[in-house]
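In the working numbering, the protein residues as written are 209 to 334. Written out below as structure tokens is the structure these notes cover.
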């Protein structure tokens with residue numbers, strides 16, 4: 209079991225189970241909503257993720273999915289696909305122990321900012 213939450217503590221969550229996908233997302237939506245060149249994430253089955261404190265604000269970020277975040281401090285915690293509601297992708301830096309789910313790949317590389325490159329040897333997908 210792993211726990212995490214937003215910066216101000218108004219939202220807390222629990223993950224029960226292991227991720228079946230982890231990585232860095234380089235898509236433009238993640239860049240804009242996180243304010244970073246890439247967003248570290250872990251994907252789990254939806255029934256393995258639960259909020260334990262507070263209710264998230266929801267932003268429909270595209271026709272594909274929504275972002276869930278703290279309405280008080282603005283911390284983005286989760287991406288929930290609208291076409292694949294059986295899983296969620298949470299932002300691993302929001303975990304109490306972010307090292308629990310290390311990235312295993314880079315996704316949406318075609319949107320990578322040209323001035324940002326990591327020095328790892330993880331697989332890269334467009």
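For glycine and all other residues, C-beta sits at the position ideal for the given N, C-alpha and C.
Nearest neighbour of residue i, chosen from the options [CA to CA]
{"i": "residue 313", "options": "329, 323 and 301", "result": "329"}
{"i": "residue 270", "options": "219, 304 and 240", "result": "240"}
{"i": "residue 283", "options": "300, 272, 293 and 327", "result": "300"}
{"i": "residue 224", "options": "242, 311, 258 and 215", "result": "258"}
{"i": "residue 321", "options": "227, 238, 249 and 219", "result": "238"}
{"i": "residue 264", "options": "272, 256 and 276", "result": "276"}
Buried or exposed by the 16-neighbour rule on C-beta atoms within 10 Å, applied to residue i
{"i": "residue 233", "result": "buried"}
{"i": "residue 318", "result": "exposed"}
{"i": "residue 210", "result": "buried"}
{"i": "residue 302", "result": "buried"}
{"i": "residue 316", "result": "buried"}
{"i": "residue 214", "result": "buried"}
Extent of the continuous alpha helix (DSSP H) to which residue i belongs
{"i": "residue 235", "result": "Note, residue 235: premise wrong, no alpha helix (DSSP H); not H, not E."}
Between the CA atoms of residue j and residue i - distance to the nearest angstrom
{"i": "residue 253", "j": "residue 287", "result": "12 Å"}
{"i": "residue 231", "j": "residue 247", "result": "8 Å"}
{"i": "residue 298", "j": "residue 217", "result": "16 Å"}
{"i": "residue 307", "j": "residue 222", "result": "15 Å"}
{"i": "residue 260", "j": "residue 293", "result": "20 Å"}
{"i": "residue 309", "j": "residue 226", "result": "8 Å"}
Where the beta strand (DSSP E) through residue i begins and ends
{"i": "residue 253", "result": "247-253"}
{"i": "residue 210", "result": "210-213"}
{"i": "residue 189", "result": "Outside the displayed range of the chain (209 to 334) lies residue 189, so it cannot be described from this structure."}
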